[in-house]
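Residue 532 in my numbering sits at position 112 of the sequence shown, and the numbers go up by one each step. Glycine is no exception: its CB is placed at the ideal position from the N, C-alpha and C atoms. A quick note: this is a predicted structure, and the numbers were derived from the prediction, not measured. What follows is one structure encoded as structure tokens, with my remarks underneath.
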Amino acid sequence: MNKNIVVLVSGGGTNLQALIDAEKRGELGNGKITCVISSKDGVYALERAKNNGIKTHVLPRKEHADISSYSKAMRDLLLSEKADLVVYAGFMTILDDTVCNEFPNKMINVHPALIPSFCGKGYYGLHVHEEALKKGVKVSGATVHFVTSECDGGPIILQKAVPIKDEDTPETLQRRIMEQAEWKILPEAVRLFCDGKISVKDGRTYINE
Ligand code: GAR
């Protein structure tokens with residue numbers, strides 16, 4: 421049976437595009453992207469969805485006084501969309517237990533570093549790459565993991581390492597990590613989930629291909 425994939429976005433949406441392209445190539449298994457929800461109006465990710473005939477909603481974070489009321493609104497929207505899988509694809513808002521408890525091990529996030537390095541509150545977007553360059557690590561990469569109420573702390577599904585070059589800027593490193601890691605392991609993790617190949621035990625995932 422098809423699984424309804426709801427993708428949460430806040431920006432440019434290149435990871436959303438990677439998912440759309442993977443679905444077109446038949447690479448999301450039983451998954452189908454049924455809806456895109458943005459925390460901001462006017463972002464390019466919404467155009468990408470519309471260009472591909474995917475339903476969109478805007479749920480602006482700034483119209484809610486706190487995370488708790490925003491999370492309740494998000495939970496209700498995800499339930500009304502009958503989400504089987506929720507994918508954070510460059511979604512920059514932390515949601516609380518209200519959402520995590522409703523969708524246990526059914527929400528996944530892509531993070532642009534090798535967790536547990538350069539992750540947690542404040543580590544998002546270009547900041548992650550600035551910190552990796554500041555520290556002088558020689559490899560970074562991307563991680564796809566299940567979302568729990570601990571920011572970037574849920575069970576890890578897939579990781580891919582990417583080399584860092586001496587001349588890298590945060591922007592060049594971000595681009596290489598997207599191209600070589602994020603755009604590959606996010607669709608792959610979505611396929612594994614939709615085909616029922618991921619199990620979770622004691623905070624670890626196991627892939628049963
Ligand atoms: C991506 O690099 C994603 O991993 C990162 O933001 C970028 C969004 O790009 N997400 C986070 O930092 C979440 N903590 P996109 O909108 O083009 O997919």
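Member of the options whose CA lies at the smallest distance from the CA of residue i
| i | options | result |
| --- | --- | --- |
| residue 563 | 620, 616, 577, 622 | 577 |
| residue 625 | 519, 584, 615, 575 | 575 |
| residue 458 | 429, 444, 468, 435 | 429 |
| residue 535 | 468, 570, 477, 505 | 570 |
| residue 502 | 453, 607, 585, 598 | 453 |
| residue 425 | 451, 447, 432, 580 | 451 |
| residue 610 | 489, 439, 445, 622 | 439 |
| residue 581 | 510, 546, 566, 603 | 603 |
| residue 512 | 500, 520, 530 | 530 |
| residue 504 | 480, 545, 614 | 614 |
| residue 523 | 533, 587, 498 | 498 |
| residue 486 | 518, 443, 537 | 518 |
Opposing strand residues paired with residue i [DSSP bridges]
| i | result |
| --- | --- |
| residue 561 | 581 |
| residue 553 | Looking at the DSSP assignment, residue 553 forms no beta bridge with any residue, so it has no partner. |
| residue 621 | 624 |
| residue 458 | 429, 478 |
| residue 610 | In the DSSP output, where bridge partners are listed per residue, residue 610 has none listed. |
| residue 424 | 452 |
Distance cut-off 7 Å: residue i Cβ against heavy atoms of the ligand GAR
| i | result |
| --- | --- |
| residue 532 | yes |
| residue 436 | yes |
| residue 591 | no |
| residue 634 | This structure cannot settle anything about residue 634, because the visible part of the chain is limited to 421 through 629. |
| residue 594 | yes |
| residue 494 | no |
| residue 626 | no |
| residue 433 | yes |
| residue 465 | yes |
Unbroken beta strand (DSSP E) run spanning residue i, endpoints
| i | result |
| --- | --- |
| residue 475 | 475-478 |
| residue 507 | 505-508 |
| residue 527 | 527-531 |
Continuous alpha helix (DSSP H) stretch holding residue i: start and end
| i | result |
| --- | --- |
| residue 595 | 590-597 |
| residue 471 | 464-471 |
| residue 521 | 517-522 |
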